[in-house]
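The next block holds one structure in the form of structure tokens; read it before the comments.
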Amino acid sequence: MNSPEIKAFIRENSHLFWWIKPEEKENIDANFLVEAVLNYGNEHSVKRLFEVLGIQQVAEIFFRQISRVRVNYHPRTIHYFTLYFQRHAHTYSDSATNRTFAAH
């Protein structure tokens, strides 16, 4: 269940989830939210995402998602946010292996 703040953020950015039924939008999970906002959001929506979820959590989700075989991010998005998180998110963890990595 998403917090009221996350639900408000989803409502503000509902255009990013145009294919999801309106009554289901507020229940999307953090993984999907991060992917949609980083891929299709603007500077303001990305900044708000960091405020709502925290940059560390967004970085952890992002790095976990791009480590999979099938990736839904655009190549430019992967490149940009890899550099961004390496600079601004000090550590990120891989929950699948319980390893924590220091950003360069």
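Residues 1 to 104 in full-length UniProt numbering are what the sequence shown spells out, letter by letter. Each residue gets a CB set at the ideal place from its N, CA and C atoms; glycine is no exception. Note that the structure is a prediction, hence the values are computed from the model and not measured.
Apart from sequence neighbours up to five positions away, the residues of its chain that approach Leu16 with a beta-carbon distance below 7 angstroms are Ala36, Val37, Tyr40, Gly41, ordered along the chain. Shown here, Asn13 sits in coil according to DSSP, grouped into three states, outside any helix or strand.
Proximity to Leu33 across Leu83, Tyr80, Ile61 peaks at Ile61, based on C-alpha coordinates.
Taking the Cβ atoms as the reference, Ser45 lies roughly 17 angstroms from Asn72, outside the contact range of under 8 angstroms. If you ignore the 5 residues before and after Ile55, its C-beta comes within less than 7 angstroms of the C-beta of His88, Ala89, all in its own chain and listed in chain order. Rounded to the nearest angstrom, the gap between the Cα atoms of Glu23 and Phe63 is 29 angstroms.
Each residue's CA atom was taken as its position, placing Ile10 and Glu26 some 6 angstroms apart. In the DSSP annotation of this structure, Lys25 is not part of any alpha helix (DSSP H), being labelled neither H nor E.
The beta carbon of Phe50 sits closer than 8 angstroms to those of Val58, all from its chain and outside the five residues before and after it, given in chain order. Ile20 is not a Cβ neighbour of Val52, given a cutoff of 8 angstroms.
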